[in-house]
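Engineer: There's a structure below that I have some questions on.
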Amino acid sequence: MNFPVWDVGFGLPLLIALVTIPHVMVAHFAIGGGLFLAIYGARARSTNDPAMLSFVRSHSRFFMLLTLVFGALTGVGIWFTIGLVSPAATSALIHTFVWFWATEWVMFFVEIAAAIVYYYGWDRLDATTHQRVIWLYFGAAWGSLAVINGIITFMLTSGTWVTDHNIWPAFFNVTYFPSLIFRTLLCLVMAGIFAILTAAFQNDDSLRSRINRIAILWTIPSIGLLVPTGYWYFSALPQSTKLIVSGGWTALKSAQHNLFTSAIGLSILVVLTMLTKNRNLNRVLSGFIILIGLNLFGSFEWYREAARKPYVISNYMYSNGMLVNDTTSIKEAGLFSSMLWKHSDQTMKGEDLFRAACQSCHSLSGYNGIAKMVAERGWTEEQLGQLVQRTGYFRGAMPPFVGTVEEANLIATYIATKANSLNATPESLTPKRIWDNNCGLCHTLDGSRPLRATLSGLSVADLQETILTVDQLSDAIPKFFGSDVDADKLASYLEAQISKREEGVSK
Amino acid sequence: MIDSLLIIPTFDPIPLPAPVWLLKGLLLLTLLLHLIAMNLLLGGAWTVFWCAIRSKYQPTSHNGRLFREMLAYLPTLTAMTVTLGVAPLLFVQVLYGHLVYTSSIAMGWFWWLVFPLVIIAYYSFYYLKFHQGGETAIKRWLPLLAALILLWISFILSNNFNLAQQPERFSKIILEDPSGWSLNLGDPTTFPRWLHMVIGAIAVCGIWVMWLGRIEHKKDVEYAMFKMEFGYKLFALPTMINILVGFIFMMSLPRNIMMRLMGKSMLETMLWLVGMGLAIWAIPVLKRATTEPQSSALPLGTILVGITICAMVLLRDMVRSAYQEGFYTLDMPKVDTMWGAIAMFFVTFVIGLWLLRWLVQTYLKGSKT
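Chains as they are written, first to last, in my numbering: chain A, 6 to 512; chain B, 5 to 373.
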């Protein structure tokens, strides 16, 4: 609430993803690839293997051009981007971890210098020194991962820092080690797949298939080990996060799915590449391998970010920059009067409120586009107002809404106006849609905020009664906005779902 | 309705993790190093472009040789400028983050586009470096493209840090245009401030060219003398112009700040006079270096200009404090020093320096085979 929100039409989270995903992929390659160069450079030299040495040399050129320029600069780009997208969180992290970042900067500096000396050193340095330089490079690169990892995992599991502000346990938090190992394994995978890419552009057939065989060693076992490490990572998450992850946020489920399929797809393609001797086919396959690698990182990073919702720093700050500790005082004062960035023009109040409270996660019609969502669902302005007040209870893990009813209605009016201008036709109301548009926003049958136990045994008529009077159960629940017929459809649907005893309607 | 409210975000509730003097010292030190690298890069990019034009892409002419000689440094200089820029960016966020984030958001896209543009310039340098010999259209335009990009980036950085110290301007921009496509153009200091930097970069690059002449003086005297002459011209003329631009910059500052440089604050006035005086003194000294490349003139001139740069970095910081006097001073944030983490940093730093020294030494000791 302290900082303005940059109005990027297609959505701020997408901007982050655009920078983060390619960067993270290249950054992991920058570490794993360094190890690769060190090991095979040494081996080629000790076994006097000129073909391998020439491969390592040409790989090192590609390596340098990719990691030193693209990798390093997109890393700086992340700095720029998070400062723009989440200024409050960036500020909090900087004030907490500046000395860690400064330490990482030293390693980064050594890493860059070593990469340059290594690359220009092929004709200048003797073999032993040249090898030392690349080992130094690898050490510095992995070291900077080990530092950054503490900060990234802190955002996910801040532990007791929120109360004691104690820096070391915050850094070595519960997900630090699982994440470090997980990422180190990813580095090895990246080393393998980029070796395949460079190899695909080698004309020497036997060299190419040697590299492809080596790449198997780097990728397949690491992918295999990612599974238990990922499980360890996941089990270290606090219960509340696990609920979000397992609790029926469908997008998260599909990210998880995506993660697994890319890992499997990658393994298959790597093996296929080894089996094909045709150079052109190798090139095509290596292109696909890189794309799937990107998808792997994309789903992993997205998953990690999503699991952190509604926080940007767990238990300390919400994604919209609001401090958890401030929620009570803001509730008392009202959202609008607690906001710094607002127009004096009263007609813009709805927009100002939306921007401060929602726009860090939602765009209007781009990524997570709220106006689009509303138009497709055919929600009325009144219904939307009821929902906005209760966004904190949604399954999508949103921060609590801290404004007044009037402020919620202003936001609803703003969104509804935008939604109307989209001229979308609402989706037809199947029973499943009615569920999704109403109860399913906050409930699942068996996952988060489960309803099965409460509703089982009720007749369709009882269910209809419950649905129509649901707002009387608790302030948290909005009234049911459908017609009696809709309520009936929903009731029969629920009755059928519950008696089927299946996993849950949320799927 | 026009919004001209003064909106200033509050300082982060988390205290400063170190005493102000330490953070400030590191900010200024790393900024100084960043600016030196930036001067060589920006000035170098334009000099390389100039040489490319002048040589008509004849590799054997003096200009053509200088083109290749300087071009070879540009990728590494880009890496150095960026890497040395990350550190002051870190410390400026610690001390002034609430202001810098806000002004960055005001010019969101321009700020965000900085790093993709650097990537383009950086790859351009590598492309030129790896594709020598033979003139193609792309090689004709790439040096200009890269030089323009770097010039543009210098403008954006100057613009942002200038805006950050004037909240009365950024709040207006943000409320009127939250899309991040605005720059701080209405401010009279914007252009003088930026030009002062850019012209200074060319002058500093001139000294670099002179050093290139001095180092290989014995190998090819004629070429070396060309570099001494050319470098001197690059230094002297811009420096003279820059004294004028500096004056204009000073006059464009808000009156109370300008008066500080005109005697109201002794320290600031002294810094300003010393900086300008030494730069003027460096002109005849470097002139002498063109006829006596191996004499002490070039080192002396370099030291004089070096002191000028230090004085200007300090002065720049004092002007910032003067701007912020009414709404933010560095004694406002609470301090809760993390000695353990600071120790970790300094230990790494010393080891890092030692490793860097080893790397550079090894590289220089190695000989082309």
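Glycine included, each C-beta is placed from N, C-alpha and C at the ideal position.
Check whether the Cβ atoms of residue 495 (chain A) and residue 416 (chain A) sit closer than 8 Å, and answer yes or no.
Structural biologist: Cβ distance not < 8 Å, so residue 495 (chain A) and residue 416 (chain A) don't count as in contact.
Engineer: Please confirm whether residue 111 (chain B) and residue 164 (chain B) have their CB atoms less than 8 Å apart.
Structural biologist: Result yes, Cβ atoms of residue 111 (chain B) and residue 164 (chain B) sit closer than 8 Å.
Engineer: Using beta-carbon positions only, say whether residue 37 (chain A) and residue 195 (chain A) come within less than 8 Å of one another.
Structural biologist: Against a cut-off of 8 Å, the Cβ pair of residue 195 (chain A) and residue 37 (chain A) comes out as a contact.
Engineer: Locate the beta strand (DSSP E) running through residue 317 (chain A), then write down its first and last residues.
Structural biologist: Here the beta strand (DSSP E) through residue 317 (chain A) covers 316–318.
Engineer: With three or more beta-carbon pairs closer than 8 Å as the criterion, would you say the stretch 205–221 of chain B touches the stretch 230–249 of chain B?
Structural biologist: They touch, by the three-pair rule.
Engineer: Pull out every residue of the stretch 306–334 of chain B whose Cβ sits closer than 8 Å to any Cβ of chain A, in chain order.
Structural biologist: Answer in chain order: no residues at all.
Engineer: For residue 430 (chain A), which of helix, strand or coil comes out of DSSP?
Structural biologist: Three-state result, residue 430 (chain A): coil.
Engineer: Quick check for students: name the residue ranges of the alpha helix (DSSP H) that lie wholly in the stretch 281–347 of chain A, counting only runs of 4 or more.
Structural biologist: Taking only runs of at least 4 residues, the alpha helix (DSSP H) segments lying wholly in the stretch 281–347 of chain A are 284–312, 332–338 and 340–343.
Engineer: Between A:142, A:198, A:199 and A:102, which lies nearest to residue 175 (chain A) when the distance is taken from Cα to Cα?
Structural biologist: It is A:102.
Engineer: Give me, in chain order, the residues of the same chain whose beta-carbon lies closer than 6 Å to that of residue 237 (chain B); leave out the 5 immediate sequence neighbours on both sides.
Structural biologist: Around residue 237 (chain B): no qualifying Cβ.
Engineer: When the cut-off is 8 Å and only beta carbons count, does residue 353 (chain B) lie next to chain A?
Structural biologist: Closer than 8 Å: yes.
Engineer: Using the C-alpha atoms, what's the distance from residue 316 (chain B) back to residue 204 (chain A)?
Structural biologist: Going by the C-alpha atoms only, they are around 51 Å apart.
Engineer: Pick helix, strand or coil for residue 422 (chain A), following the three-state DSSP scheme.
Structural biologist: Of the three classes helix, strand and coil, the one that applies to residue 422 (chain A) here is helix, per DSSP.
Engineer: Assign residue 361 (chain B) to one of two classes, buried (16 or more other C-beta atoms within 10 Å of its C-beta) or exposed (fewer than that).
Structural biologist: So residue 361 (chain B) ends up on the exposed side.
Engineer: At 7 Å on the CB atoms, spell out the chain B contacts of residue 130 (chain A), in chain order.
Structural biologist: Correct list: 366 and 370.
Engineer: When you compare the CB of residue 108 (chain B) with every CB in chain E, is at least one pair closer than 8 Å?
Structural biologist: Chain labels in this structure do not include chain E; the protein chains are A and B.
Engineer: Using a cut-off of 8 Å between C-beta atoms, extract the partners of residue 7 (chain A) located in chain B.
Structural biologist: Per Cβ cutoff of 8 Å: 13, 14 and 102.
Engineer: Quick one: what does DSSP say residue 20 (chain B) is sitting in, helix, strand or coil?
Structural biologist: Strand.
Engineer: Any beta carbon of chain A sitting closer than 8 Å to that of residue 87 (chain B)?
Structural biologist: Yes, because at least one Cβ of chain A sits closer than 8 Å to the Cβ of residue 87 (chain B).
Engineer: Just reading off the alpha helix (DSSP H) that residue 386 (chain A) is part of, what are its end residues?
Structural biologist: Run containing residue 386 (chain A): 386–393, per the alpha helix (DSSP H) assignment.
Engineer: For a contact defined as C-beta to C-beta under 9 Å, what are the partners of residue 112 (chain B) on chain A?
Structural biologist: Under the 9 Å cutoff, chain A gives 11, 12, 13 and 89.
Engineer: Please list the segments of the beta strand (DSSP E) lying wholly inside the stretch 164–230 of chain A, counting only runs of 3 or more residues, in order along the chain.
Structural biologist: If we require 3 residues or more, the stretch 164–230 of chain A turns out to have no beta strand (DSSP E) run fully inside it.
Engineer: Using DSSP bridges, identify the partner residues of residue 455 (chain A).
Structural biologist: Beta-bridge pairing links residue 455 (chain A) to A:449.
Engineer: Expressed to the nearest angstrom, what Euclidean distance is found between the alpha-carbon atoms of residue 91 (chain B) and residue 142 (chain A)?
Structural biologist: Distance between the alpha carbons of residue 91 (chain B) and residue 142 (chain A) is about 20 Å.
Engineer: With DSSP run on the structure shown, which of helix, strand or coil describes residue 339 (chain B)?
Structural biologist: The answer is strand: DSSP assigns residue 339 (chain B) an E or B state.
Engineer: Step through the CB atoms of chain A and report whether any lies within less than 8 Å of the CB of residue 91 (chain B).
Structural biologist: True, the Cβ-Cβ gap to chain A drops below 8 Å.
Engineer: Taking the alpha-carbon positions, what's the residue 303 (chain A) to residue 22 (chain A) distance?
Structural biologist: Each residue's Cα considered, the two are about 8 Å apart.
Engineer: Are at least three pairs of beta-carbons, each pair with one atom in the stretch 183–196 of chain B and one in the stretch 112–119 of chain B, less than 8 Å apart?
Structural biologist: Yes, since at least three Cβ pairs between the stretch 183–196 of chain B and the stretch 112–119 of chain B fall closer than 8 Å, the two stretches touch.
Engineer: Below 8 Å, how does it come out for the stretch 101–119 of chain A and the stretch 140–159 of chain A: are there three or more Cβ pairs, yes or no?
Structural biologist: Touching, yes, given that three or more Cβ pairs across the two stretches are closer than 8 Å.
Engineer: Tell me whether residue 351 (chain B) is buried or exposed, calling it buried when 16 or more other Cβ atoms sit within 10 Å of its Cβ.
Structural biologist: Looking at its Cβ environment, which holds fewer than 16 other Cβ atoms inside 10 Å, residue 351 (chain B) is exposed.
Engineer: Does residue 78 (chain A) come within less than 8 Å of chain B when only Cβ atoms are used?
Structural biologist: Yes, its Cβ sits closer than 8 Å to a Cβ of chain B.
Engineer: For residue 317 (chain A) and residue 245 (chain A), what's the separation of their Cα atoms in angstroms?
Structural biologist: Each residue's alpha carbon lies about 15 Å from the other.
Engineer: Mind checking if residue 58 (chain A) is an interface residue toward chain B, Cβ cutoff 8 Å exclusive?
Structural biologist: So, not an interface residue.
Engineer: Beta-carbon of residue 83 (chain B) versus every beta-carbon of chain A: anything under 8 Å?
Structural biologist: Residue 83 (chain B) counts as touching chain A.
Engineer: From the beta carbon of residue 318 (chain A), is the nearest beta carbon of chain B less than 8 Å away?
Structural biologist: Not an interface residue.
Engineer: Since I believe residue 225 (chain A) is in contact with residue 298 (chain A) (beta carbons under 8 Å), could you give me their beta-carbon distance rounded to a whole number of angstroms?
Structural biologist: Not quite, the Cβ-Cβ distance comes to about 14 Å (not below 8 Å), so this is no contact.
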